[in-house]
Amino acid sequence: MNLLDGKATAAQMKQEIAQSVLEIKNSGKRTPHLAAILVGNDGASETYVNSKEKDCHEVGMSSTVLRFPETITEAELLQEVVKINNNKDIDGLIVQLPLPKHINEQKIIETINPDKDVDGFHPLNVGHMVTGLPTYVSATPDGIMELLARYKVETAGKHCVVIGRSNIVGRPMSNLLSQKANPGDCTVTICHSRTKDLKAFCLQADIIIAALGKAEFLTADMVREGAVVVDVGITRVPAQNKSGFKLLGDVKFDEVAPKCSYITPVPGGVGPMTRVSLLKNTLKAARGLR
Ligand code: NAD
């Protein structure tokens with residue numbers, strides 16, 4: 001069994017990105033700059049945005065967090081997005097989701113200038129991704145593809161089962177792995193909550209991407225010998241430690257890992273790769289290379 005070590009890979013990538021940022025600055029150009037919009041006081045969103053800000057500083061990028069109260073109207077938030085679209089000092093913009101119920105998330109996403117949409121959620125960027133055109137691929141699928149590439153995991157001709165069909169993970173993963181590319185060239189089956197006999201599909205898989213958000217769902221009896229397993233899930237469960245919780249993936253790691261050729265741990269697998277992919281997209285934006 002080989003560990004797909006997202007923590008170590010992301011650390012290596014951060015060094016590479018920091019070097020590129022330094023080169024940009026040394027050439028006299030402006031420091032790459034990521035802006036994040038945060039609405040309300042959701043604890044998890046606050047944590048995510050803080051870690052994105054910390055990541056930016058670690059690689060020498062600038063970051064700005066624009067905080068707005070829960071009561072901001074949709075029209076006001078749209079205006080703020082337009083302001084950042086027009087701000088030449090900002091390369092990338094992310095709007096931390098979820099937004100309060102009275103705001104139409106899709107409308108906000110579609111207002112972001114696609115050239116600054118480093119989350120890759122704008123339909124134009126999604127369309128580019130689907131058709132294999134240059135784009136910002138959203139952070140989690142991009143991070144997984146990078147991890148597979150860096151570990152030279154063989155994907156061509158393999159049968160990949162993706163569990164989950166969300167727009168941010170399952171659906172783009174299934175698309176990227178089916179493309180004529182490396183990694184890619186897989187035969188992909190996408191499974192979801194209405195799939196009948198999921199176990200039978202999993203047992204036919206060379207590669208399983210588990211992205212359903214159910215702690216330790218994938219057990220050893222669902223995985224065949226030699227499979228590659230990528231665990232996207234993150235579920236917080238109470239624990240007797242300092243923080244009072246621990247993170248569990250969608251895979252029952254201890255029993256599945258011995259059967260795998262490669263597997264990602266949780267934590268330390270897909271999570272750090274997701275974070276570094278946002279930096280990668282911001283660097284791309286700063287270079288004008290969507
Ligand atoms: P989601 O809730 O939007 O989608 C879950 C998907 O799983 C749905 O398509 C649903 O049909 C499917 N599903 C649910 N129960 C199922 C079952 N019993 N059998 C088969 N399919 C089932 O979730 P999401 O946003 O795609 O996230 C999935 C998980 O990944 C969550 O735990 C989330 O926290 C985690 N996540 C992690 C990262 C990271 O950086 N590591 C990033 C994004 C999401």
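Here the sequence shown is numbered in this note's numbering, starting from 1 and rising by one per residue.
Built from N, CA and C at the ideal position, the CB exists for glycine as well.
Contact defined as beta carbons within less than 8 Å: I believe residue 169 pairs with residue 141. What is the distance between those atoms, to the nearest angstrom?
6 Å
Worksheet item: Where do the N-terminal and C-terminal ends of the alpha helix (DSSP H) with residue 143 fall, by residue?
Response: 139-150
Output the residues surrounding the ligand NAD, defined as those with a CB atom closer than 6 Å to any ligand heavy atom, in chain order.
140, 163, 164, 165, 166, 168, 169, 170, 191, 192, 193, 195, 198, 211, 212, 213, 214, 232, 233, 234, 235, 270, 271, 274
Checklist entry - According to DSSP, which residues form a beta bridge with residue 36? => result 65, 94
Checklist line | Under the three-state DSSP convention, the category residue 196 falls into | finding: coil
Exercise for review: Kindly indicate which residue of 59, 54, 69 has the alpha-carbon position closest to the one of residue 41.
Suggested key: 69
TODO: Would you mind stating whether residue 261 and residue 228 have Cβ atoms separated by less than 8 Å?
DONE: yes
Check: In terms of DSSP beta bridges, what is residue 238 paired with?
Finding: 245
Residue 33 and residue 89 look like a contact to me (Cβ under 8 Å); what is the Cβ gap, rounded to whole Å?
6 Å
Exercise for review: My understanding is that residue 273 touches residue 143, with C-beta atoms under 8 Å, so please give their C-beta distance in whole angstroms.
Suggested key: 3 Å
>> Spatial neighbours of residue 212 within its chain, please: C-beta separation below 7 Å, excluding the five flanking residues on both sides.
In response: 163, 164, 233, 250
Residue 220: beta carbon under 7 Å from a heavy atom of the ligand FMN? Only the ligand NAD can be found as ligands here, which leaves the ligand FMN out of the picture.
Q. My guess is that residue 177 and residue 195 are in contact by the Cβ rule of under 8 Å, so how many angstroms apart are they, rounded?
A. Actually they are not in contact, since the Cβ atoms of residue 177 and residue 195 sit about 17 Å apart, beyond 8 Å.
**Asked** Under 8 Å, do residue 231 and residue 266 count as touching if we go by C-beta distance?
**Response** yes
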